[in-house]
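Scroll down for the structure; my scribbles are underneath it.
Residue numbers (the numbering used here): 47 to 422.
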């Protein structure tokens, strides 16, 4: 048994914990209480490999090599980094992953770090983490932009820090975005882990609220509709969970990319006519599309960047009409928006008697909200 760190998007801790418990069902495996951005996991190397291969919501999984512990000054920081370097070397050697002469790199994720504190007339704390890291972790440069074969992550939340090393030699390293084509990574595309979390949240509502999975989550003949499909990230995650799909977008290029993606994943049975029926051009402001019959509406609503939104109220009202036939028949809507208060206010007016819940997440330096709508 070893201790690993699973990193995730802020606001999705409970969803990630549910996924990890599904992937690590053995009695000896343990999933800790999630923090804001990571959770500690106790398992073996085989369990870690299952997470790397099967997790959809986990952004990254690494072996914990030092901490978490309180680090108030340069001396304690040097002790932490020295321990991290020693344990990393032991791990690489013990598991036949040693890379003779391989470079090391360090990715720093810091919030309110002690070296950024104020002291004295200079206004600086008086010590540099970069010098300590270079001296203790094989010359790693915190200013480097390329990940080395041995890559460590230094997570700093105030004075609480830990260090974890990538598992590249074990199962492909950092959790891949798992997109099928570079075009699907175009600017503004939704992060796949967030898309997977939204699908999981929707399935949990259909399955009675069980985020740890359950008999209804995979394999049911449920259908998901994404009215803001973009390049099809949410639709792709739905297909991987065995759902049927509909998808639409106001952008013809997005529709084309989504059709290609759905076809590659075997959606619509590979039939071109069925694919054109399932993935189509549509403006949500026109209301619901008659062809759609779905149990879930899930989508990343426009942020006003790729698609201009002259009157956001029209978008919100149109979205309410799209989700109305789904929610009123026992389905669920899960929508990501940067205008939580305005959107939920319009929903309450348009869909009285429904239950509306929100959760804020951290994404691209902003705090959009996942809005979930169900029948009371």
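C-beta atoms are modelled at their ideal positions from N, C-alpha and C, and glycine is treated no differently.
Residues bridged to residue i [DSSP beta-bridge criterion]
i	result
residue 390	Answer is none; residue 390 lacks a bridge partner.
residue 329	Answer is none; residue 329 lacks a bridge partner.
residue 292	271
residue 279	None; residue 279 has no bridge partner.
residue 84	53
residue 107	52
residue 150	196
residue 412	409
residue 207	115 and 202
residue 421	400
residue 156	202
residue 72	Answer by DSSP bridge pairing: none, since residue 72 is not bridged.
residue 191	Partner(s): none; residue 191 has no beta bridge.
residue 506	A question about residue 506 goes unanswered here, because the residues of the chain that appear run from 47 up to 422.
residue 174	Paired residue(s): none; residue 174 is not in a bridge.
residue 77	87
C-alpha distance - residue i paired with residue j, whole-angstrom precision
i	j	result
residue 312	residue 324	13 Å
residue 249	residue 180	46 Å
residue 259	residue 185	Interpretation of residue 259 is limited by its pLDDT of 45, a score under 50 that renders its predicted location unreliable; the figure taken from the coordinates is listed afterwards. Spanning the two alpha carbons is a distance of roughly 44 Å.
residue 85	residue 199	14 Å
residue 299	residue 277	9 Å
residue 177	residue 187	9 Å
residue 317	residue 309	8 Å
residue 332	residue 364	6 Å
residue 47	residue 137	13 Å
residue 9	residue 293	Absent from the structure is residue 9, since the part of the chain shown begins at 47 and ends at 422.
residue 412	residue 382	12 Å
residue 97	residue 71	11 Å
residue 304	residue 241	14 Å
residue 95	residue 210	16 Å
residue 122	residue 161	12 Å
residue 346	residue 58	16 Å
residue 394	residue 349	21 Å
residue 69	residue 102	11 Å
residue 213	residue 134	11 Å
residue 66	residue 81	14 Å
residue 384	residue 416	9 Å
residue 183	residue 158	23 Å
residue 267	residue 127	51 Å
residue 61	residue 79	12 Å
residue 251	residue 204	36 Å
Which of helix, strand or coil DSSP assigns to residue i
i	result
residue 54	coil
residue 137	helix
residue 66	helix
residue 349	coil
residue 259	Unreliable positioning characterises residue 259 in this predicted model, as indicated by a pLDDT of 45, which lies under 50. A coordinate reading is not provided.
residue 382	strand
residue 344	strand
residue 398	coil
residue 128	helix
residue 373	helix
residue 365	helix
residue 237	coil
residue 425	Because the chain spans 47 through 422 in this model, residue 425 falls outside it and cannot be assessed.
residue 61	helix
residue 224	Annotation note: pLDDT 46 at residue 224 (below 50); position unreliable, coordinate value reported separately. Three-state result, residue 224: coil.
Cβ distance (whole Å) where residue i is taken to contact residue j below 8 Å
i	j	result
residue 334	residue 368	5 Å
residue 88	residue 75	7 Å
residue 380	residue 244	5 Å
residue 280	residue 55	So it is not a contact: roughly 15 Å between Cβ atoms.
residue 378	residue 397	Actually they do not touch by this definition, with Cβ atoms about 13 Å apart.
residue 194	residue 149	4 Å
residue 113	residue 208	3 Å
residue 271	residue 366	14 Å between Cβ atoms; not a contact.
residue 49	residue 110	5 Å
residue 153	residue 197	6 Å
Buried versus exposed, by CB contacts within 10 Å (16 or more), residue i
i	result
residue 51	buried
residue 374	exposed
residue 359	exposed
residue 174	exposed
residue 191	exposed
residue 107	buried
residue 275	buried
residue 285	buried
residue 307	buried
residue 336	exposed
residue 403	exposed
residue 283	buried
residue 288	exposed
residue 151	buried
residue 410	exposed
residue 414	buried
Within-9 Å CB hit, residue i to chain C
i	result
residue 399	Absent from the structure is chain C; it holds one protein chain and no more.
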